[in-house]
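In terms of my numbering, the sequence shown opens at residue 76 and continues consecutively.
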Amino acid sequence: MLLREIKNIFHKELDAIYSKEEVDSFFYLLLEHYLELQRFVLAVQPDLVVSKEEEQPLFEALSQLRLERPIQYIIGKTHFMEMEFTVTENVLIPRPETEELVQWVIDEYHVTVNQGTTTLKQDRNLRILDIGTGSGCIAIALAKNLPNTKVTALDISLEALDIAKQNAVDNHVTVEFVQADILQPKSLKGKFDSIVSNPPYVRMLEKKEMQRNVTEYEPDLALFVSDDDPLIFYRAICRFAEKNLKNSGNLFLEINQYLAKETEQLLKDHNFSEIELRKDIFGNDRMLRGRLSY
76 MLLREIKNIF HKELDAIYSK EEVDSFFYLL LEHYLELQRF VLAVQPDLVV
126 SKEEEQPLFE ALSQLRLERP IQYIIGKTHF MEMEFTVTEN VLIPRPETEE
176 LVQWVIDEYH VTVNQGTTTL KQDRNLRILD IGTGSGCIAI ALAKNLPNTK
226 VTALDISLEA LDIAKQNAVD NHVTVEFVQA DILQPKSLKG KFDSIVSNPP
276 YVRMLEKKEM QRNVTEYEPD LALFVSDDDP LIFYRAICRF AEKNLKNSGN
326 LFLEINQYLA KETEQLLKDH NFSEIELRKD IFGNDRMLRG RLSY
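As structure tokens, then:
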């Protein structure tokens, strides 16, 4: 079959569900993943023919896209901070807002000098903990961008940790992974310069506002909290951080935009000062940073 005919079929089947731009993006991602063809191939070879064997995974992916399964789970890969990560339905798909949180942590320990080159602000080794690591995207990005930093990452899910460990290997970084429940945390040796977390924060009442590709495929364990106690993980993280951060250590959090004031107050209640709230690229209150003051 002609490749351009397959593209037309994608649009015929999917344009009622997704935007035309999204369908184009899906099609070219699948071409690159399954056939190792770049997106400009149709411009230079408009009559390119693919074999039955080559077209099969494209049509299998089309069937999954009709059911609104995320393209990242279909191809098993996604990108975060210019790195490639394996993702399955045992882990959340990393979001661009989380990249902003990671960049904030990196900026805390970097200073730019001499025509854009970068050096660490501090000449001592840093220790950073990522709570609820999932795919490992936060921990691995920090390890990649903060050389000589010891990064520890914990998660309750052994399946998620297996994926995170493989992602660390694939991205050539060393991260210490720990299986633990932050609601019943185990003690960790030493204290940390920073703790960072993107814990579950979506209330069940907000679930109806979310798209099917999230609610039906991404892990509930990593997304949702009860309406009765939506800050349960933040409370546990603050308690843990009080005991496990160095004096003047930083706590960085991705938060529910509708609970920004409540989360900020929680940090104040646990001896954090210099609290800063930042918006994400979509203009939502999304990130908090506090500094521990004994």
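Even glycine gets a Cβ: it sits at the ideal position worked out from N, Cα and C.
Item to check | Cα-Cα separation, I150 to K82 | outcome: Cα to Cα, the separation comes out at about 18 Å.
Next on the checklist: Pop quiz: L40 and L306 are said to be a contact at Cβ under 8 Å. What is the actual Cβ separation, rounded to whole angstroms?
Outcome noted: Past the boundaries of the shown model lies residue 40; the chain is included only from 76 to 369, so the question cannot be answered.
Item to check | Burial state of Q340, where buried means 16 or more other Cβ atoms lie within 10 Å | outcome: Label assigned to Q340: exposed.
Checklist entry - Taking buried to mean at least 16 other C-beta atoms within 10 Å of its own C-beta, is E174 buried or exposed? => result E174 comes out buried.
Item to check | Buried versus exposed call for G358 [16 or more other C-beta atoms within 10 Å across all chains shown] | outcome: By the neighbour-count rule (16 or more Cβ atoms within 10 Å), G358 is not buried but exposed.
Item to check | Range of the contiguous alpha helix (DSSP H) that encloses F102 | outcome: Counting along the chain, the alpha helix (DSSP H) containing F102 begins and ends at K95 to L105.
Next on the checklist: I need the DSSP call for S210, collapsed to helix, strand or coil.
Outcome noted: DSSP, read as helix, strand or coil, puts S210 in coil.
Next on the checklist: Which residue wins for smallest C-alpha separation from T161, given the options K240, K354 and K321?
Outcome noted: When only C-alpha atoms are compared, the closest one is K240.
Checklist entry - Can you give the Cα-Cα distance for N331 and N319, rounded to whole angstroms? => result Rounded to whole angstroms, N331 to N319 spans 24 Å at the Cα level.
Checklist entry - Once you ignore the five residues that flank R314 on each side, which residues in its own chain have a CB closer than 8 Å to its CB? => result Excluding sequence neighbours, R314 sits near H345.
Item to check | the region 211 to 220 in contact with the region 247 to 266 per 3-pair CB rule at 8 Å | outcome: The region 211 to 220, when compared against the region 247 to 266, does touch it at the 8 Å Cβ threshold.
Item to check | Element boundaries [beta strand (DSSP E), containing Q254] | outcome: In this chain, the beta strand (DSSP E) harbouring Q254 covers E251 to Q254.
Item to check | Cutoff 7 Å; reference D198; Cβ partners in own chain excluding five residues on either side | outcome: Residue placement at D198 is flagged as unreliable, the pLDDT there being 46, under the threshold of 50; a coordinate-derived value is accordingly withheld.
Next on the checklist: Need the endpoints of the alpha helix (DSSP H) that T173 sits in, please.
Outcome noted: P171 to E183 is the extent of the alpha helix (DSSP H) around T173.
Item to check | Those runs of the alpha helix (DSSP H) which lie wholly inside the region 235 to 298 and span at least 4 residues | outcome: Assignment of alpha helix (DSSP H) within the region 235 to 298, counting only whole runs of 4 or more residues, yields 287 to 290 and 295 to 298 in chain order.
Checklist entry - By DSSP, does A26 sit in helix, in strand, or in coil? => result No answer is possible for residue 26: it lies beyond the span of the chain, which begins at 76 and ends at 369.
Item to check | Cβ shell of I84 (< 6 Å), same chain only, five flanking positions each side left out | outcome: The answer is none, since no qualifying residue turns up.
Checklist entry - F357 by DSSP, collapsed to three states: which one? => result Secondary structure of F357 (DSSP, three-state): coil.
Checklist entry - According to the neighbour-count rule (16 or more other Cβ atoms, all chains shown, within 10 Å of its Cβ), is D295 buried or exposed? => result With fewer than 16 other beta carbons inside 10 angstroms of its own, D295 counts as exposed.
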